[in-house]
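Heads up, the thing below is written out as C-alpha cells.
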Amino acid sequence: MLVKNTTLTVLFLFSAALFAQEKKPQTATELSYLDQVKQSFTRVEKAAQLDSLWVNELVDLDLYNNLNQEVAENTNTTDVDVELPTEVLKQRLQAMNQKSPFNIVYNEGLEKTIKSYLKYRRKSLGRLMALSDYYFPVFEEAFAKLNVPLEIKYLAIVESALNAKAVSRMGATGLWQFMYHTGKQYNLKIDSYIDERSDPLKSSEAAADYMSKMYTIFGDWDLVLASYNSGPGNVTKAIRRSGGKQNFWEIKKYLPRETQGYVPAFLATMYLYEYRNEHGIVPQKASIQHFETDTVAVKQEMSFKDIASLLEVPEKEVELLNPSYKLKVIPVYPNETHYLRLPLDKIALFTANEPKIYAYLTNKNNPEFLHPHTEAFAENNNKANGKVKYYEIQRGDNLSTIADKFDVSILELKSWNKLDSNAIIAGATLQVQKEEPVKAVAVKENAIQVSSKSNKKKTEDVVAETPNKTSKNSADPELYQIKSGDNLEAIAKANNTTVADLQEWNHLNSTKITVGKSLIVAPAEVVEVPVITKPKVVVEPASNAVAAFKRQTTQPVSSQGMNYQVQKGDSLFSIAKKYPGISVSDLKKWNDGIQAKDLKPGMKLKING
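Here the sequence shown stands for residues -20 to -1, 1 to 589, where the numbers follow mature numbering (1 follows the signal peptide of the UniProt record, and there is no 0).
Set out below in C-alpha cells:
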C-alpha cells in the first residue's frame, strides 16, 4: 500500500510539473538586427548541408604538402614490396597506352613509382578521388574546348593535390600552380583582394591554353608535361643534349631532377585511377558536384563572415567555393563585376532576399538598427496598448509615403525611430505609434500658445500637426557611393562642400571611409507650405518646452536682415542651423551663390529677414 501511495504521489507531482510548464507564459525573445533580417527572409526549399569533413578536405593543405615533397624527392631507386606482378602491370600499361595520346610504356622507374604510390598513398588516394568528383568536370570542360587530352586532369593532383589555395615555396599558386608572371601572361587577375590563379574555372582555361601552345612547339604530350614543370627552355636544352631525340624517356636524364619524376608521377596517378578497383582503393564520395552550384553578381562589398551569417552556411564552405578571394572579402570595383558561388539552394535564398541583404550590410554597424524590433516583440506591444506597430520599409518608400499610409506625420515617424534625417533603407523596420502624438519640442510659427490653468504649473501648447501634404515634400539627402581610390577630401571637393560637413552629416569620427558604402553629400532640405489640419494638444512641463525652444532658436533674425561673421570651422550647413527657418540654399541665394569652399574666417554673410 505504501508503494502504491508513493507511486501515485510521484505521478501527481510529475503531472503538475508538466501542467505548470504548459501554462507558463512565453516571453518574446529579443533578436539582434541580423536575426531580424534572417527571420524576414523569403525561404526556399533547403538542400542538404555539405559534409563539414569533406569541406575541410578541400581547404586543408596537408595532402598538397606531402605529395609535393614526394614528387620533388622521387629518384625511383628503392624497391617496394607490393603485390603487383610485373607482367600484369605491363599488360595494364599497354591497355592504357592504346586509348591515350601519351607514351605509356613499361619501364622499371615507372613500376617503382606505381608500387610506391600503392604502398604509401592508398589512404590519401581515397580522399583525392572525392575531391576529383568536384573538380574534374571543370577541368574536362576547359580542355575539351581546346582539344587538350582530358587525361591531363590528373596533372592537377601532382601539382596541387587538388587544393585551390596551394602555394609552393617559389610562389606558384592554385590548382595548376601558376607563377605570378605566367598568370599575368594568361590574363589571370592578381591584386590585393583577388588571385584568379586560385579560380578553378579561369585557371583551368589558362592551363588548357598553355598546354595547347606547348603542343604546337613540341608535338608530343609527354614533352608538353615536362615543359609545364620546368619550362620549354629546359626541355629544348635536354633535346639538344640528347642528340635531338624527341622522347621523354630518352631525354629524361638531361632534364632537371624534379622534372625527371614529374611525368612518372603523372602516369602513376593515371594508372591508380584506372585500376583502383583492382587494388581495393575505395574512393570517398563528394558531398556536392560543381554543377550543383551557381553564381550571383555581387553589388556591394561583403565578407565571407557576413555571407555565412546571413545565409546560414559554414564559412569554410564559402571559402571552398570562392577560393580566388584572398582576404575572404568580395570587393566591388568600378566597371567590373565580381561573383559569389554558392550551392543552388543558397543562391535562391540570396537572390530572393537581395535588398534585405544589402540593407543589412549597409546598416549592420549603425546603432539605430541594433535594438530589437521583432515581430513577436511588436505583437506583445500591440496587445499591451494597442498602439505600437512595425512596418518593414519597401523599395521605393520614403517617409512621406509611409506617413500618408499610417495617417501620421513625418516628424512623428522621425521622433519614434530616432531618425536624424529623412534617409531610410529598404528592408529595415520602422516603429509606428499610430495613436501616440509626438511631443512638442519647439514652438513653430503656426503654433497657438494657450495659458495653463493647471495647479501643477504646466503649460499647454497647442501645436498644429505637421502637414502631410505640402507644396514640396521633404527631399531625401543626396547620396554618393564610395568607390575604390576615393577619399573624403576628393568627395568634398567634387560636391562643393567640406570634409567637416561630410563628417558631420555622416556622423564620422575620422576620415576613414569604406568602398561601396553611401555618403550623404548634401543634407535633406524640407520646403513646406503648412496646410491647416486638426491641432493636437500635448501637455508638457513648461521648462521642457522652453529648453527645447532655446535649443532650436539659437539666434533670432531681424526683419531687416543682418550679417554673420564666419568663424573658424564654420560650414554653410552649421551656419544655417544657427537660424530657424533658414536653409543652405537660402544662404547661397542671398550671397551670390557662395559655395562651402569659398568660406573664410572673418568674412561676412548676408542673413536676410
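Backbone N, C-alpha and C fix where the C-beta goes; we use that ideal spot for every residue, glycine too.
Source: prediction; values computed, not measured.
Best match in the options for proximity to residue i [C-alpha to C-alpha]
| i | options | result |
| --- | --- | --- |
| ILE562 | ILE587, MET583, ASN346 | ILE587 |
| PRO129 | PRO323, LEU291, TRP201, LEU322 | TRP201 |
| LYS225 | PRO236, PHE198, LEU111, ASN209 | PHE198 |
| TYR255 | TYR115, VAL68, ALA124 | VAL68 |
| PRO581 | ILE555, TYR559, ASP572 | ILE555 |
| LYS164 | LYS145, PRO244, TYR190 | TYR190 |
| ILE261 | LYS103, LYS463, ALA576, ILE310 | LYS103 |
| TRP396 | ILE287, THR409, GLN413 | GLN413 |
| LEU126 | PRO323, SER192, VAL293 | SER192 |
| THR275 | LYS497, ALA472, GLY223, LEU322 | LEU322 |
| ASP286 | GLY376, LEU320, GLU272 | LEU320 |
| GLY211 | GLN280, PHE158, TYR559 | PHE158 |
| ASP481 | LYS398, LEU579, LEU324, VAL388 | LEU579 |
| GLY465 | TRP485, GLU484, GLY496 | GLY496 |
| PRO81 | LYS70, VAL118, PRO117, GLU131 | GLU131 |
| THR478 | VAL278, GLN575, LEU391, ASN214 | GLN575 |
| ASN302 | SER289, PRO180, ILE84, THR239 | PRO180 |
| ASN543 | VAL564, ASN571, SER565 | ASN571 |
| VAL388 | LYS369, GLY376, ASP400 | LYS369 |
| GLN269 | ARG72, MET109, ILE462 | MET109 |
| MET583 | GLN71, ASP550, THR409, ASN214 | ASP550 |
| ALA245 | ILE84, GLN71, LEU391 | ILE84 |
| ASN209 | LEU329, LEU90, ILE219, PRO236 | PRO236 |
| LYS344 | ARG72, LEU111, ALA408 | ALA408 |
| GLY154 | SER178, THR342, LYS95 | SER178 |
| ALA288 | ILE231, LEU552, PHE330, LYS265 | PHE330 |
| ASN315 | ALA277, VAL147, LYS296, GLU297 | ALA277 |
Reduced DSSP secondary structure (H/G/I, E/B, other) of residue i
| i | result |
| --- | --- |
| ARG321 | strand |
| GLN411 | strand |
| ILE500 | strand |
| TYR370 | strand |
| ILE337 | helix |
| VAL388 | coil |
| residue 672 | This structure gives no information on residue 672, because the portion of the chain shown stretches from -20 to 589. |
| GLU63 | coil |
| LEU585 | strand |
| LEU203 | helix |
| LEU307 | coil |
| LEU130 | helix |
| LEU393 | helix |
| LEU459 | strand |
| LEU(-19) | With a pLDDT of only 41 at LEU(-19), under 50, the local geometry of the prediction cannot be trusted, and no value is derived from it. |
Assumed close pair residue i, residue j - CB separation to whole angstroms, cut-off 8 Å
| i | j | result |
| --- | --- | --- |
| GLU469 | SER304 | That pair is no contact at about 33 Å. |
| LEU98 | LEU64 | 7 Å |
| LEU459 | ILE500 | 6 Å |
| SER283 | VAL309 | 5 Å |
| TYR340 | LEU135 | 43 Å between Cβ atoms; not a contact. |
| ILE404 | LEU379 | 6 Å |
| ALA186 | LEU168 | 6 Å |
| VAL138 | TYR242 | 7 Å |
| THR239 | ASN214 | 7 Å |
Buried or exposed by the 16-neighbour rule on C-beta atoms within 10 Å, applied to residue i
| i | result |
| --- | --- |
| MET250 | buried |
| GLN547 | exposed |
| GLN374 | exposed |
| residue 597 | This structure leaves residue 597 out entirely; the chain is present only between -20 and 589. |
| SER183 | buried |
| LYS336 | buried |
| ASN333 | buried |
| ASP171 | exposed |
| GLN545 | exposed |
| TYR253 | buried |
| TYR100 | exposed |
| PHE271 | exposed |
| HIS161 | exposed |
| VAL511 | Residue placement at VAL511 is poorly supported in this model, since its pLDDT is 41, which falls under 50; the coordinates still yield a value, given next. It counts as exposed. |
| GLU258 | exposed |
| LYS385 | exposed |
| PRO503 | buried |
Chain B within 8 Å of residue i, Cβ atoms only
| i | result |
| --- | --- |
| SER395 | Absence of chain B from the displayed structure is noted, only one protein chain being present. |
Task: Ranges of the alpha helix (DSSP H) found wholly within the region 210 to 296, counting only runs of at least 4 - done: 212 to 221, 228 to 231, 237 to 254, 284 to 291
Task: Secondary structure, alpha helix (DSSP H): runs of 4+ residues fully inside the region 534 to 578 - done: 552 to 557, 564 to 570
Task: Residue ranges of each alpha helix (DSSP H) within the region 132 to 201, 4 or longer - done: 135 to 140, 160 to 165, 180 to 198
Open item on the list: If we require 4 or more residues per run, which alpha helix (DSSP H) segments fall completely within the region 62 to 122?
Closed with: 66 to 78, 88 to 100
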